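A.B. asks: This is the structure I want to talk about, given as structure tokens.
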Amino acid sequence: MARLLAAAELGPGLRVLDVGTGNGRLVPGILEATAPFGEVTALDPSENMLAVARRRHPSPRVRWIRANLEEFEGRPGEFHRIICHAVFPHFFDAGRALGVAHRSLVPGGLLVIAHTVGRDRINARHEKAGGAVETDVLPPAGKLSDTLRRIGFHPERVRDEPDFYLVTARRPSTTPTR
Ligand SMILES: C[S@@+](CC[C@H](N)C(=O)[O-])C[C@H]1O[C@@H](n2cnc3c(N)ncnc32)[C@H](O)[C@@H]1O
Numbered sequence: 033m034a035r036l037l038a039a040a041e042l043g044p045g046l047r048v049l050d051v052g053t054g055n056g057r058l059v060p061g062i063l064e065a066t067a068p069f070g071e072v073t074a075l076d077p078s079e080n081m082l083a084v085a086r087r088r089h090p091s092p093r094v095r096w097i098r099a100n101l102e103e104f105e106g107r108p109g110e111f112h113r114i115i116c117h118a119v120f121p122h123f124f125d126a127g128r129a130l131g132v133a134h135r136s137l138v139p140g141g142l143l144v145i146a147h148t149v150g151r152d153r154i155n156a157r158h159e160k161a162g163g164a165v166e167t168d169v170l171p172p173a174g175k176l177s178d179t180l181r182r183i184g185f186h187p188e189r190v191r192d193e194p195d196f197y198l199v200t201a202r203r204p205s206t207t208p209t210r
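In my numbering, the protein residues as written are 33 to 210.
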């Protein structure tokens with residue numbers, strides 16, 4: 033988890049979107065790294081998860097939003113960082129979710145897609161669980177980084193290790209001219 037937070041290059045005053053916050057596990061670390069004035073927007077489609085997270089991490093610096101990333105209607109360029117921890121395979125439309133992430137980042141902002149478990153284990157776990165998550169697949173990190181490039185990101189770190197998965201990608205700070 034420390035490795036993931038380090039990859040997010042957090043710092044004081046940053047506005048961070050925590051996608052699929054679940055029970056809010058990442059929230060304390062993000063609050064600490066962005067103190068004293070940074071803000072976390074914690075997003076999750078599950079009202080139950082949000083209720084648990086809100087109870088566990090009451091803070092005036094956290095805004096809780098019930099939504100899928102694909103349908104999130106935030107302000108363009110609102111966030112300095114977007115963190116997707118253990119959520120990427122659950123997007124029902126990954127291309128659309130990544131498009132929303134791109135639009136929601138400030139120019140120069142960073143998207144972090146990470147799992148603190150290796151890809152093979154995640155995919156095997158989802159396949160075995162069946163039902164709603166059976167087809168939730170985490171692609172090879174190199175393939176995801178190609179997808180991000182097509183959307184307009186600049187991929188930076190790409191790791192597909194047995195126990196760690198990480199792709200970071202920046203929204204370029206200038207739009208290339210043709
Ligand atoms: C395995 S949990 C990860 C929770 C948290 N990020 C963590 O690090 O512990 C995945 C979460 O993603 C949420 N989720 C599922 N589909 C989503 C989507 N399309 N957009 C945003 N969050 C989603 C689920 O409701 C669930 O709370």
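Idealized CB from N, CA, C, for every residue including glycine.
Since the model is a prediction, treat every value here as computed from it, not as a measurement.
How far does the alpha helix (DSSP H) with residue 180 in it reach, from first residue to last?
C.D. replies: If you number the sequence shown from 1, residue 180 lands on position 148. It spans 173-183 - the alpha helix (DSSP H) in which residue 180 sits, taken as one unbroken run.
A.B. asks: Return the bridge partner residues of residue 59 from the DSSP annotation.
C.D. replies: Within the sequence shown, numbered from 1, the residue matching residue 59 stands at position 27. Bridge partners of residue 59: none, in fact.
A.B. asks: With DSSP run on the structure shown, which of helix, strand or coil describes residue 42?
C.D. replies: Within the sequence shown, residue 42 is the residue found at index 10, counting from 1. Coil, per DSSP.
A.B. asks: Taking 8 Å as the cut-off, does the region 89-104 touch the region 137-151 (at least 3 CB pairs, one atom from each stretch)?
C.D. replies: These segments do not touch.
A.B. asks: Is the region 98-105 touching the region 128-135 in the sense that three or more CB pairs, one from each, lie closer than 8 Å?
C.D. replies: Short answer: they touch.
A.B. asks: Ignore the nearest five residues each way along the sequence and tell me which others in residue 121's own chain have a CB closer than 7 Å to its CB.
C.D. replies: Here residue 121 refers to the residue found at position 89 when the sequence shown is read from its first residue. Result list for residue 121: 154, 158, 168, 169, 170, in chain order.
A.B. asks: How would the residue list near ligand 1 read, in chain order, if you kept each one whose beta-carbon is closer than 6 Å to any heavy atom?
C.D. replies: Here the list is 51, 52, 53, 54, 57, 58, 75, 76, 77, 78, 81, 100, 101, 102, 117, 118, 119, 122, 123, 124.
A.B. asks: DSSP has residue 123 in a bridge; who is on the other side?
C.D. replies: Here residue 123 refers to the residue found at position 91 of the sequence shown. In DSSP, residue 123 forms no bridge with anything.
A.B. asks: Could you tell me whether the Cβ atoms of residue 143 and residue 65 are closer together than 8 Å?
C.D. replies: Working through the sequence shown from its first residue, we reach residue 143 at position 111. Working through the sequence shown from its first residue, we reach residue 65 at position 33. Taking 8 Å as the Cβ cut-off, residue 143 and residue 65 do not qualify as a contacting pair.
A.B. asks: What does a CB cutoff of less than 8 Å around residue 183 pick up in its chain, not counting 5 residues either side in sequence?
C.D. replies: Sequence index remark: in the sequence shown, residue 183 carries index 151 (1-based). If we look at residue 183 and ignore the five residues flanking it on each side, its Cβ neighbours are 127, 130, 131, 134.
A.B. asks: If you check the beta carbons only, do residue 172 and residue 195 fall under 8 Å apart?
C.D. replies: Residue 172 sits at position 140 when you count from the first residue of the sequence shown. Residue 195 sits at position 163 when you count from the first residue of the sequence shown. No, the pair does not count as a contact, with Cβ atoms beyond the cut-off.
A.B. asks: Considering Cα atoms alone, identify which of 123, 141, 80 is closest to residue 109.
C.D. replies: The sequence position of residue 109 within the sequence shown is 77, counting from 1. If we check each option's Cα against that of residue 109, 141 comes out closest.
A.B. asks: So, with DSSP's three-state summary, where would you put residue 158?
C.D. replies: Numbered from 1 along the sequence shown, position 126 holds the residue referred to as residue 158. Here residue 158 sits in helix by DSSP.
A.B. asks: Could you tell me the alpha carbon to alpha carbon distance between residue 114 and residue 160, rounded to whole angstroms?
C.D. replies: On the sequence shown, position 82 is the one that residue 114 refers to. On the sequence shown, position 128 is the one that residue 160 refers to. In a straight line, the C-alpha of residue 114 is about 29 Å away from that of residue 160.
A.B. asks: Answer yes or no: do residue 75 and residue 136 have a C-beta to C-beta separation smaller than 8 Å?
C.D. replies: As a working note, residue 75 is residue 43 in the sequence shown. As a working note, residue 136 is residue 104 in the sequence shown. Not closer than 8 Å, so no.
A.B. asks: What are the residues that DSSP puts in a beta bridge with residue 36?
C.D. replies: The residue labelled residue 36 in the question sits at position 4 within the sequence shown. The partner list for residue 36 (beta bridge, DSSP) is empty, contrary to what the question assumes.
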